[in-house]
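Residue numbers (the working numbering), protein chains in the order written: chain A, 27 to 507; chain B, 2 to 541. Beta carbons: idealized from backbone N, C-alpha and C, even for Gly. It should be emphasised that the depicted structure is a prediction, and the values quoted were computed from it without experimental measurement.
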């Protein structure tokens, strides 16, 4: 009797090592409770439509028409769809060779990539080459493809911010590389100190690691900070000096909730710096249709733009992309629509602006409500969510709570979050899933629950938290008078 | 080594470079063969403006071809390789230089992409998808005039299975539960054996599911995966990317590309003697590029073999709806295993399906799934974890997969039109397969097995020595040499057999059966003429 073909023992070690907390223990427990009938508020993942945000009308109209082109032949189509949506659908169909059901170019439809390049040029004021833009099934796939090219083995290191979105740690693990952490400074609004970077790199090198790339997430996830132009310059200069590829995760560029630091792309700053830096630093920039005010997570649409990557490398990246044949075509159309939205004067313009603004302004308000709500809780300190979709409050767990966690065999913030879940139905992701300084605990929640439900959610949290703190603080049994 | 070229619209100049010294050439398919390894094709490279600006020597830049992951360099995928790039450039040039060519269009027969060659999607499927893309339509009275009633009903049913009716939200990482229930029911109806929706992982096409399994199975180059030769090069590429070893087993051209378990056993023993742990067996049924449909007793032998040897059976069944001959039928490996009395404890089986092929041909949607059975809970947890890093596959593709596995039934409003569309496509594919097969068999020195299924013909060309020498002089593999000449003379794009693997010293090419029926006569006469003149030129 032969041994079982796929035993746990014989699995690829890299698979076993990788972790992705966003859909890990807390989420699985929340799903179980939901099945048992408990009302769960899922704030574990940046998934706006799952929490009631409505899709923008115009893109859905266009894609529905592309999906069923026979509608375009029907004389009554104008009763269901506005003329500009009909025109756009025809435009995007003309960019395909066979409609939505045919594999496109492995890099994505040339016509859509051209629109992306034009968007980048308008945004930054510098030309962008469509040949260096690859559309992907979500930005995550692009990140994985690029890391796959960079990581040759265990001794290749990638600088990743701590806290970080665990796609990076999970992928580096899967690929058998080394994660080189650089800590963001919570007391400085999650700011980035270049000295921290230098230290991290030096330490890694002394351990025999070749540091090859640096990831920045701007605006940050889970931390929400928006990098200043000065900070970006420092980072680019650092990459230039240390010969690092910069991976700029800019998927939240539409989600900005303060006016002091608007979004500025890494590409723009790089070009502003002029030669030699602008010609030397290798930069890959990522964007998506999943975030912003679009929130079209389920479409899986993204792109990356390459700057200063040699043609032979671009070839190899193309080759890997071609094995997957092509990114999904409907999402490519969503991407085209995102980068070339309705213009003033278009029939759908007013509705589009109204819907978009409505979402962004509400997000801005919710960012404030949540931050203030957390800051009003005992032993909780929360930086303002400057951008992205998350709040990352620090929970100052009392020693007795940490001990209780240990007794229960749980990491302290996991312990806290599980209790929070059971008491309130709020499903968060413990800070340990993102990385944090030793002995400092956080949780990540999204700012996505509906605005009208927010006050109740924050009240519910506060009640739980303050009771938890009372229970575990050293003056146990001290009755509140 | 086949090189990939990006045809850059702004290409400024060709430059050949001598980077081959940095590339490990590894013959993935065969023991070293003089002709195969001797074929160093000249790589024509296009440089962008930034490169021309005379930047530093590439060694100072962190990510150059010298320093990227060697596994990336090693992997290959001929389906969109060099020949296709040449074709694309020709196509661009044709627009402005119509008279310079003996043909007026490029016909892409290199890739199983039916809708790019005029095949129409199934109306009912597109109706349901459009309504799910824009559910607001369901609230409009005019919708009933534009969409069939059962499509509307189906859309409602699907939307009710999606929390909040939010098709733009990430779903469960295995895919929407309700859609998996539908697919499981479809699998059960197909096979007559139960299917657990929790065994299903919906993915962006079948290919990502294949990659996931390779990632799980391969820890190092000591892990071997058995692949048929010829094979669809996703497998060789994925194994290379994951750092494993491809263990080839040869299909027998003389017996209609038959799969002999004795041959597989021989290869397993050979690999093991070299210290390779053989972990899985890939079977593509119906076959790609070879088109054979396995006989049931052959499948039973394979199942028994995997059970005895402790191998995971990876069953690529994406062409399950493409069977063109009356004497063969598709049987899923799950059905075969279960009807032998083998359950979860007996065999590890992963079955792959896709929305890209069949009669639906929805390649651009990227929809598919794998059904995993026979794995322990610990292993399943790991599979789930890997799936969760990518969050989920695209929702529209998930919906389409559920439609493919449970299409309209007798009595449904759309049933008749659906069946007419479906049968129209399948019978046309069968006719085209036959016509092209017969035409190819008429060519001098060419033999072509029939396409029992799938979407391809894989003729063998007996190339004269003179042609082989000419190929060598042009630094091209002989089959690539033939295919390039074919392209330049007729505008027809096919893929040289070396992209799939073949017995050393034999030459093939893969041609799809997908151009529309009205184009087939012209294709046949062009290929026939070309082949005649090629043989006239090179006959020994």
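_Proximal residues, the region 349–375 of chain A versus chain B, C-beta separation under 8 Å_ = 349, 350, 351, 352, 353, 354, 355, 356, 357
_Proximal residues to residue 104 of chain A (C-beta, below 8 Å), its chain only, five neighbours per side dropped_ = Along the first chain, read from residue 1 onward, the residue named residue 104 of chain A stands at position 78. Same-chain partners within the cutoff: 112.
*Can you tell me whether DSSP reads residue 75 of chain A as helix, strand or coil?*
One-based indexing of the first chain puts residue 75 of chain A at position 49. Helix at residue 75 of chain A.
*Does residue 99 of chain A come within less than 8 Å of chain B when only Cβ atoms are used?*
By 1-based counting over the first chain, the position of residue 99 of chain A is 73. It does not: the Cβ of residue 99 of chain A has no partner Cβ on chain B nearer than 8 Å.
*Roughly how many angstroms separate the alpha carbons of residue 406 of chain A and residue 420 of chain A, rounded to a whole number?*
On the first chain, position 380 is the one that residue 406 of chain A refers to. On the first chain, position 394 is the one that residue 420 of chain A refers to. The alpha-carbon atoms of residue 406 of chain A and residue 420 of chain A are separated by roughly 6 Å.
*Would you check if the distance between the CB atom of residue 541 of chain B and the CB atom of residue 466 of chain B is smaller than 8 Å?*
Position 540 of the second chain, counting from 1, holds the residue named residue 541 of chain B. Position 465 of the second chain, counting from 1, holds the residue named residue 466 of chain B. Yes; because the gap between Cβ atoms is below 8 Å, this pair is in contact.
*Using a Cβ-Cβ cut-off of 7 Å (strictly less than) and excluding sequence neighbours within five positions of residue 98 of chain A, which residues of its own chain qualify?*
Numbered from its first residue, the first chain carries residue 98 of chain A at position 72. Within the same chain, residue 98 of chain A has close Cβ partners 91, 112, 115, 116.
*At least one CB of chain B closer than 8 Å to the CB of residue 130 of chain A: is that the case?*
For the purposes of this step, residue 130 of chain A is taken as residue 104 along the first chain, with counting starting at 1. It does; some Cβ of chain B falls within 8 Å.
_Reference residue 52 of chain A; option with closest CA among A:43, A:63, A:216, A:69_ = The count along the first chain starts at 1 and reaches residue 52 of chain A at position 26. Comparing Cα-Cα distances from residue 52 of chain A to each of A:43, A:63, A:216, A:69, the minimum goes to A:69.
_Going by DSSP in three states, residue 506 of chain B sits in which element: helix, strand or coil?_
Residue mapping note: residue 506 of chain B aligns to position 505 of the second chain, counting from 1. Coil.
*Taking all protein chains shown into account, decide if residue 411 of chain A is buried (16 or more other Cβ within 10 angstroms of its Cβ) or exposed.*
Numbered from 1 along the first chain, position 385 holds the residue referred to as residue 411 of chain A. Flag for residue 411 of chain A reads buried.
*Decide if the region 258–269 of chain B is in contact with the region 187–206 of chain B; the criterion is three or more beta carbon pairs, one per stretch, under 8 Å apart.*
no
*Neighbour-count burial assignment, residue 522 of chain B, 16 or more Cβ in a 10 Å radius*: Along the second chain, one-based indexing puts residue 522 of chain B at 521. Answer is exposed; the Cβ neighbour count stays below 16.
*Applying the criterion that 16 or more other CB atoms from any shown protein chain within 10 Å of the CB defines a buried residue, is residue 425 of chain B buried or exposed?*
Here residue 425 of chain B refers to the residue found at position 424 when the second chain is read from its first residue. Residue 425 of chain B should be labelled exposed.
*Give a yes or no on whether the minimum CB-CB distance between residue 440 of chain B and chain A is below 8 Å.*
By one-based count along the second chain, residue 440 of chain B stands at place 439. Not one chain A Cβ lies under 8 Å of residue 440 of chain B.
_Cβ-based burial, residue 182 of chain A [other Cβ within 10 Å; buried from 16]_ = Reading the first chain from its first residue, position 156 is the one you call residue 182 of chain A. Buried, since its Cβ has 16 or more Cβ neighbours within 10 Å.
*Using DSSP with H/G/I as helix, E/B as strand and the rest coil, what is residue 109 of chain B?*
For this step, residue 109 of chain B is matched to residue 108 along the second chain. The answer is strand: DSSP assigns residue 109 of chain B an E or B state.
*Output the distance between the C-alpha atoms of residue 398 of chain B and residue 181 of chain B, rounded to the nearest integer angstrom.*
For the purposes of this step, residue 398 of chain B is taken as residue 397 along the second chain, with counting starting at 1. For the purposes of this step, residue 181 of chain B is taken as residue 180 along the second chain, with counting starting at 1. Distance between the alpha carbons of residue 398 of chain B and residue 181 of chain B is about 12 Å.
*By the 10 Å Cβ neighbour count, where 16 or more other Cβ atoms means buried, how is residue 25 of chain B classified, buried or exposed?*
To locate residue 25 of chain B, count along the second chain from 1; it is residue 24. Because the pLDDT of residue 25 of chain B is 30, which lies under 50, any placement of that residue in the model is unreliable, and the question is left without a value.
_Neighbour flag for residue 249 of chain B against chain A, beta carbons, 8 Å_ = The residue you call residue 249 of chain B lines up with position 248 of the second chain. Taking Cβ atoms only, chain A never reaches closer than 8 Å to residue 249 of chain B, which makes this a no.
*Along the chain, where does the beta strand (DSSP E) that runs through residue 212 of chain B open and close?*
For the purposes of this step, residue 212 of chain B is taken as the residue at position 211 of the second chain. First-last for residue 212 of chain B: 207–218, but that is the alpha helix (DSSP H), not the beta strand (DSSP E).
*Do you know how far the Cα of residue 262 of chain B is from the Cα of residue 235 of chain B?*
Looking up residue 235 of chain B in the second chain gives position 234. Looking up residue 262 of chain B in the second chain gives position 261. Taking the straight line joining both Cα atoms gives about 23 Å.
_Nearest-angstrom Cα separation, counted from residue 207 of chain A out to residue 231 of chain A_ = For the purposes of this step, residue 231 of chain A is taken as the residue at position 205 of the first chain. For the purposes of this step, residue 207 of chain A is taken as the residue at position 181 of the first chain. Straight-line Cα distance between these residues: approximately 13 Å.
*Under 7 Å Cβ to Cβ from residue 299 of chain B, same chain only, skipping five residues before and after it: list those, please.*
Reading the second chain from its first residue, position 298 is the one you call residue 299 of chain B. The residues are 260.
*asked:* Is there a C-beta anywhere in chain A that falls below 8 Å from the one on residue 411 of chain B?
replied: Locating residue 411 of chain B in the second chain gives position 410, where the first residue counts as 1. Chain A, which has no Cβ nearer than 8 Å to the Cβ of residue 411 of chain B, makes this no.
*Other residues of its chain near residue 30 of chain B: CB distance less than 6 Å, five sequence neighbours each side excluded*: Here residue 30 of chain B corresponds to residue number 29 of the second chain, with the count starting at 1. Residue placement at residue 30 of chain B cannot be trusted, given a pLDDT of 34 that sits under 50; what the coordinates show is reported in the next sentence. Once the five neighbours on either side are set aside, the close Cβ partners of residue 30 of chain B are 230, 249, 502.
*Would the beta-carbon of residue 329 of chain B fall within 8 Å of that of residue 294 of chain B?*
As a working mapping, residue 329 of chain B is identified with position 328 in the second chain. As a working mapping, residue 294 of chain B is identified with position 293 in the second chain. The answer is yes: Cβ separation under 8 Å.
*Which bits of chain A does residue 145 of chain B rub up against, with CB to CB less than 7 Å?*
Position 144 of the second chain, counted from the start, is the residue given in the question as residue 145 of chain B. Correct list: empty, because the minimum Cβ distance to chain A is about 11 Å.
_Which residues does DSSP list as the beta-bridge partners of residue 211 of chain A?_
On the first chain, position 185 is the one that residue 211 of chain A refers to. Bridge partners of residue 211 of chain A: A:217.
_Enclosing alpha helix (DSSP H) for residue 1 of chain B [first to last residue]_ = Because chain B in this structure spans residues 2 to 541, residue 1 of chain B falls outside the shown range and cannot be described.
_residue 492 of chain B - partner residues in DSSP beta bridges_ = For the purposes of this step, residue 492 of chain B is identified with residue 491 of the second chain, where counting begins at 1. BP columns for residue 492 of chain B are empty, so no partner.
*Return the chain-ordered list of same chain residues with a C-beta closer than 6 Å to the C-beta of residue 163 of chain B, the five sequence neighbours on each side being excluded.*
On the second chain, position 162 is the one that residue 163 of chain B refers to. Closer than 6 Å at the Cβ level, and outside the excluded window around residue 163 of chain B, lie 177.
*Which residue's Cα is closest to the Cα of residue 154 of chain A: A:145, A:162, A:108?*
By one-based count along the first chain, residue 154 of chain A stands at place 128. Closest by alpha carbon: A:145.
*Under 8 Å between beta-carbons, which chain B residues line up against residue 96 of chain A? List them in chain order, please.*
Locating residue 96 of chain A in the first chain gives position 70, counting from the first residue. By Cβ distance, chain B contributes 124, 127.
_Quick check on residue 350 of chain B: does DSSP put it in helix, strand or coil?_
Numbered from its first residue, the second chain carries residue 350 of chain B at position 349. Residue state, collapsed to three classes: strand.
_Can you look up residue 11 of chain B in the DSSP assignment and give me helix, strand or coil?_
Translated into the one-based positions of the second chain, residue 11 of chain B becomes position 10. At residue 11 of chain B, the pLDDT of 32 sits below 50, so the modelled position is not reliable; the number obtained from the coordinates is stated separately. Note: residue 11 of chain B maps to coil in three-state DSSP.
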